[in-house]
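Participant: These protein sequences, in sequence, are chains D and R.
When you number the first sequence by the working numbering, it's gap-free, plus one each residue, and the end is 967.
When you number the second sequence by the working numbering, it's gap-free, plus one each residue, and the end is 123.
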Amino acid sequence: MDLCTNFPMFSIILCLMCGVVCSVLKKNMARYVTYGLLTVLVVLSAAVLGYTVSIDGSFIYQMGHFGAPFGNELRAGVLEGVFTVFFSVIMYLSVIAGEKHIYEDVEESKINLYYTLICLMMSSLLALTYTNDVFTAYVFVEINTITAAGLVAVMGNGRAYFSSAKYMIMSLLGSGLLLIGITLLYDVTGHLLLSNIKYAVVTSTIKEYAEPFTIIIALITIGLSIKSALFPFHSWLPDAHTASTISSSAILSSLVLKAYIVLLIKIYYRAIGWETVLETGVNDIVFVFGIMAMIFGSVFAIAQKDVKRMTAYSSVAQIGYIFMGIGIGNAAGVVAAVFHIFAHGATKSMIFTSLGGIKEVSRHSTKLDAIKGAGYRNKVASVAFAVGAFSMVGIPFFPGFVSKINFADAAIDAGGPKMIVILVALAVSTVLNCIYFFRALICLYTPVSDPGGRLTEEVDNTKPTAKYIGAMAFFIVANLFLGTFSDMIIKLITRGLSMFS
Amino acid sequence: MQAVIDYISSNLFEGVAIILFGIGFTTLFLHPNLIKKIMGLNIMDSSVYLFLAAKGFVFGRKAPIVTDGVAEMESYINPIPTGLVLTGIVVSVSVTAVMLALTIRLYWRYHTLEMDEIMQIIRKEGK
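1) For A542 (chain D), which three-state DSSP category applies?
2) Give me, in chain order, the residues of the same chain whose beta-carbon lies closer than 7 Å to that of A850 (chain D); leave out the 5 immediate sequence neighbours on both sides.
3) Please decide whether A603 (chain D) counts as near chain R, where near means a Cβ-Cβ distance under 8 Å.
4) Roughly how many angstroms separate the alpha carbons of F9 (chain R) and T99 (chain R), rounded to a whole number?
5) Near A59 (chain R), which residues of its chain fall below 8 Å by C-beta distance, leaving aside the five closest residues on each side in sequence?
6) With a threshold of 8 Å between beta carbons, is L469 (chain D) in contact with chain R?
7) Quick one: what does DSSP say K29 (chain R) is sitting in, helix, strand or coil?
8) Taking the alpha carbon of K32 (chain R) as the reference point, which residue from D:M588, D:S477, D:I824, D:I635 has its own alpha carbon closest?
9) Where S43 (chain R) and G84 (chain R) are concerned, what is the direct C-alpha to C-alpha distance, given to the nearest angstrom?
10) Could you check how far apart the C-beta atoms of A50 (chain R) and A13 (chain R) are, in whole angstroms? I think they sit under 8 Å.
11) Taking all protein chains shown into account, decide if L639 (chain D) is buried (16 or more other Cβ within 10 angstroms of its Cβ) or exposed.
12) Note down, in chain order, all residues in the region 8 to 34 of chain R with a beta-carbon under 8 Å from any beta-carbon belonging to chain D.
13) With H, G and I counted as helix, E and B as strand and the rest as coil, what does DSSP make of Y596 (chain D)?
14) Count the other CB atoms, across all protein chains shown, that sit within 10 Å of the CB of A769 (chain D); report buried if there are 16 or more and exposed otherwise.
15) At the 8 Å Cβ level, is G624 (chain D) part of the contact set with chain R, yes or no?
16) On the three-state DSSP scale, how would you describe F53 (chain R)?
17) Would DSSP call F818 (chain D) helix, strand or coil?
18) Please state the DSSP three-state secondary structure of D835 (chain D).
19) Any Cβ of chain D within less than 8 Å of the Cβ of F55 (chain R)?
20) Might you give, ordered along the chain, the residues of its own chain that have their beta carbon closer than 7 Å to the beta carbon of A684 (chain D), omitting 5 neighbours on each side?
21) Start and end of the beta strand (DSSP E) containing Y527 (chain D)?
22) Identify the continuous alpha helix (DSSP H) that holds C488 (chain D) and give its terminal residues.
23) Check whether the Cβ atoms of L515 (chain D) and F476 (chain D) lie closer than 8 Å to each other.
24) Below 8 Å on the Cβ atoms is my guess for L834 (chain D) versus V773 (chain D); work out the distance and round it to an integer in Å.
25) How would you call T63 (chain R), buried or exposed, if buried means at least 16 neighbouring beta carbons within 10 angstroms?
26) Could you name the residues of the same chain whose beta carbon sits closer than 6 Å to that of G860 (chain D), not counting the 5 residues immediately before and after it, in chain order?
27) Please decide whether L102 (chain R) counts as near chain D, where near means a Cβ-Cβ distance under 8 Å.
28) Just curious, the alpha helix (DSSP H) that H707 (chain D) is in, first and last residue?
29) Report the neighbours of Y106 (chain R) on chain D: residues whose CB is nearer than 7 Å to its CB, in chain order.
30) May I ask which residues mark the beginning and end of the alpha helix (DSSP H) holding S715 (chain D)?
31) What are the residues that DSSP puts in a beta bridge with K58 (chain R)?
32) T78 (chain R) CB to nearest chain D CB: under 8 Å?
33) Starting from N796 (chain D) and walking both ways along the alpha helix (DSSP H), at which residues does that stretch end?
34) By DSSP, does L515 (chain D) sit in helix, in strand, or in coil?
35) Note down, in chain order, every chain D residue with its Cβ under 9 Å from the Cβ of S5 (chain R).
36) As a quick exercise: from R:V66, R:I117, R:E70, pick the residue whose alpha carbon is nearest that of R57 (chain R).
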C-alpha cells in the first residue's frame, strides 16, 4: 500500500488540473467534472486515512525527492486524513444541495467558472491541510482568499461585489500579518519546513529570541484569526455570507474559515511547539477573544431579522468556541476545538443549504416573516434546519452537544478562573443560541392561514429536487453519525494530535 | 549617540521595511478610497519583500551562480529569500488584479470609489 503515499500530491494536482479544464468546458460538463473530481477526492482521502490508521503513524511525501532542509514536503497523518475526508464530503454535499441555486443565481455563461472556483478552492483546502512548508501554506492561503472572494462575488450584483471587496480587504490585512510573521520565523530559525523550524526552536534559539518569538506567534495568530473571522475582526463575515449563493455560504462558513484554523493548529503544534506558545501567553489572548465572540456573536444574531444573516452571526459565535478551545491551553481543549471544527462544519453547511430550500418556497426571501409556515411547504429542508438548530443549541445525540460536553470537560481539567469563565460562557451562549434558533424554528412551523382559514399551499409550491433531498438526507445522517459515534472521532483526533508533535 | 546611530545604520533596511509595513497596513485598513487601499496593499507587500531581501543579503558577497569554479562558501549569499520574494511578488500581483477587477465593477455600478459612499448607497437601496 505504499501507493497511498502519493495520493496527497496527486489529489492536489488533480484539483488544479480540473480547475483549469472546467474553465473551458460547457456548464454541464464542468459540473460532471467537478462531481467526478470530488468523488475521486473522497476515495483518495479515505485511502490516505485508512493507510495512516493502519500504519498508526504519519508519512512524508518529498516533492522531487530532495532531502529535508532543502526540498518541499507534504505530510499526512491521521488528523490530516480525517480533515481531508471531511472537507471533500462537506464540499460535495454543499455543491449538490445548492446546484439548483447555482444555476439560478449565476450568470448563464459563467456557471462553468463557478465550478472552476470550487476545484481551486478544494486544491487550496487540501494543500493547507497536507503541506509541511510555511511558505507553500502562505501561497495556498492566498489562493483560498482569491477563490473565496470569487465565490462571494458570483451573484454579479453591486451588493455581492461590495461584500467581496470588503472580504478581500480584511483577508489581505490578515495575509499581510501572516506573511510578515512567516518572514520573521524564517529569519529567526533559518528554515521553512515545519519540522525543521520545530527542531531549531527546540535546540537553541528560544531562550535568546524570546521577544521575537512572542511577536511571531502574535502576528501569525492575529493574521489567521482575521481570516477566520474571530470576534473583533468578524465584520466582513455576515455581508459575505448573505450576498452569495447558498452553496458559497455553506462552503465559506464550513470549510474556508476552518482551513485557517487547521493551519494555525498545525503551526502551533508542528512549527513553534505548543509549550512555546503557552510560555508566550498568546493563547490567553485568543481565549479572551473566543469568549467574547461566543457571547457577542449570539447577541448580534438575536438582533437579525433575516435567518441567513442570523446564521452567519451564529458562525461568529461558533468560531469563538473553537478559538476558546485552543485558548484553554491543555490538550483536551485542543481536541474539543478540533472536534468542534467537524461538528460546526457539518451542521452549519446543512443549515445554510436547508435555507436554500426554505427560500424557494418563501418568495425568495429568508426574512423571519417570509419563512412562516415553510415547514409545511418544504418538509425536507425544514427537518434539516431543525436538526441543525438542535445541534447548534446542544441537544444530545447531535454533534453540538458532544463538543459542548468536551469543552466543559477541558475546562474542568484546566481549573482555576478559566474554568468558571468557560462554564458561565457556555451556559449563557447556549441560552442565547436557544433564543434565536428556536425563534426561527417556531416561525418555520407556524401555520399560516389564508382568508379561507386553511394552510397556504399557494406560495411558490416548488418541489425539492431528488438530488437536494438526497444531499439533505446525507447531511442529517452525517450529523447523527458525528453525534453518536463521537468517541471514535475523538480517538482519531487525539491520536492525530499526538502525531503532530 | 554613536551607539544609536550604529544600531539604526546596521538595521536600516529592516527599520524602513517595518515603517513601510505600518504605512501600507494603515492605508489598506483605514483609507476609504479603493484605489488607495490597493496602493496600501502593494506598499505593505513590498515592505515584506524588502525585509526578506535585506535579511538574505550580505555586503561583499554575490549570488550563488557558479560560472568559473566553486569558491568557498563565505563568498555566496543565501538564495532562498530571493526565491521567496519572487513567489511573493507573483502572489501579490494576482491579489492586486482581483482587487482591481472588483474596483472596476464597483465603479461601473456605483460611480464612486469611496467605500463609505458605496455603503450608504447600498443601505438606501436596501430600504
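Glycine included, every Cβ here is placed at the ideal spot set by N, Cα and C.
Facilitator: With the given structure in hand:
1) Reduced to three states, the DSSP call for A542 (chain D) is strand.
2) Contacts found: M816, S820, M938, F941, I942.
3) Closer than 8 Å: no.
4) Straight-line spacing of the CA atoms in F9 (chain R) and T99 (chain R) works out to 33 Å.
5) Shown here for A59 (chain R): same chain residues with a beta carbon closer than 8 Å to its own, the five before and five after excluded, namely Y72, I73, P75, T78 in chain order.
6) Using a Cβ-Cβ cut-off of 8 Å, L469 (chain D) does not count as an interface residue toward chain R, since no Cβ of chain R sits closer than that to its own.
7) In the sequence on display, residue 29 (chain R) carries Asn and not Lys. Of the three classes helix, strand and coil, the one that applies to N29 (chain R) here is strand, per DSSP.
8) Of D:M588, D:S477, D:I824, D:I635, the residue nearest in Cα terms is D:I635.
9) Straight-line Cα distance between these residues: approximately 11 Å.
10) The Cβ separation is near 7 Å, so the contact holds.
11) So L639 (chain D) ends up on the buried side.
12) Answer set for the region 8 to 34 of chain R: F17, G20, F21, L24, F25, L30, K33.
13) Three-state DSSP puts Y596 (chain D) in a helix.
14) Burial is judged here by how many other beta carbons sit within 10 angstroms of a residue's own beta carbon; A769 (chain D) has fewer than 16 and is exposed.
15) G624 (chain D) counts as touching chain R.
16) It is coil, neither helix nor strand.
17) F818 (chain D) falls in the helix class under three-state DSSP.
18) Reduced to three states, the DSSP call for D835 (chain D) is coil.
19) Cβ-Cβ to chain D under 8 Å: no for F55 (chain R).
20) If we look at A684 (chain D) and ignore the five residues flanking it on each side, its Cβ neighbours are V748.
21) Segment 525 to 528, the beta strand (DSSP E) holding Y527 (chain D).
22) Where C488 (chain D) is concerned, the enclosing alpha helix (DSSP H) stretches over 473 to 488.
23) The Cβ-Cβ distance between L515 (chain D) and F476 (chain D) does not fall below 8 Å.
24) Distance from L834 (chain D) to V773 (chain D) at the Cβ level is roughly 6 Å; contact confirmed, criterion being Cβ atoms closer than 8 Å.
25) Counting other Cβ atoms within 10 Å of its Cβ, T63 (chain R) stays below 16 and is therefore classed as exposed.
26) When the five nearest sequence neighbours on each side are left out, the beta carbons in the same chain lying within less than 6 Å of the beta carbon of G860 (chain D) are those of G866, F867, K870, T896, in order along the chain.
27) By this cut-off, L102 (chain R) is an interface position.
28) It spans 702 to 709 - the alpha helix (DSSP H) in which H707 (chain D) sits, taken as one unbroken run.
29) Simply G624.
30) Segment 712 to 717, the alpha helix (DSSP H) holding S715 (chain D).
31) Under DSSP, the beta-bridge partners assigned to K58 (chain R) are R:Y72.
32) At a cut-off of 8 Å, the C-beta of T78 (chain R) has no neighbouring C-beta in chain D.
33) Element bounds for N796 (chain D): n/a, residue is neither H nor E.
34) Helix at L515 (chain D).
35) Within chain D, no C-beta atom comes nearer than 9 Å to that of S5 (chain R); the closest sits roughly 19 Å away.
36) Comparing C-alpha distances from R57 (chain R) to each of R:V66, R:I117, R:E70 shows the shortest one belongs to R:E70.
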